[in-house]
Each structure stands twice: as C-alpha cells, then as structure tokens.
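> According to our numbering, the sequence shown is numbered sequentially starting from 493.
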Amino acid sequence: MKQIKVRCTDPFQAFSGTNLLYEVKEGDELTADLYEETEEYFATDSQGREVYVGCLDMDGNLVLQDFELVEEGADKHEPV
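Here it is, written out as structure tokens:
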C-alpha cells in the first residue's frame, strides 16, 4: 500500500502566517504516496501544493485525517 486514493470529507485550508499552504475542498479525490521514512501519506492539492493525508500507526493500520479511503494500492493499476 504505497499509494492510496482518498476523498476529502471536510474542506480545509492550512496557513503559515498569511500564506496559504494548501486547500482541499469537500469531495476532492487525491492520490497520496507513502513517504516510507516516516510512514506518512502526502498528496497534492489542485494547485500542486503538498497536503498531509494520514499515516500508518504502530501496527501498520492506516489513520486518515479529514479523508476517507477510496482505494488502496492505487499504484497497482495497469495502464490503459
């Protein structure tokens, strides 16, 4: 499960001071990649900005933040 597809359940934005870091709208579907060193999943928003999606807990279970899982192993699809 190196890549997952998730759907945003609650819209949110993240700021650093007055700078918008990223924005995700309700219903947005994102493909997130696993950063193996920290076991965290990151995706990009519609503007290409990095978004934290969730992580794997100590037992290897997926823990998502403001997202629901749409598909595991999104990277395993055969090209059409």
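The C-beta atom is built at its ideal place from N, Cα and C for all residues, glycine as well.
The model shown is predicted, which means the values in this text are computed figures rather than measured ones.
In angstroms with no decimal places, state the Cα-to-Cα distance between L548 and L556.
Each residue's alpha carbon lies about 9 Å from the other.
> Quick check: the stretch 506-516 against the stretch 525-534, are at least 3 beta-carbon pairs closer than 8 Å?
No, the stretch 525-534 does not touch the stretch 506-516.
> State yes or no: is the C-beta of L522 within less than 9 Å of the C-beta of R499?
Yes, the Cβ-Cβ distance between L522 and R499 is below 9 Å.
> Can you give me the C-alpha to C-alpha distance between T501 and D520, rounded to a whole angstrom?
Roughly 8 Å separates the two Cα atoms.
> Just verifying my parser: in three-state terms, what is the DSSP assignment at N511?
N511: strand per DSSP, three-state reduction.
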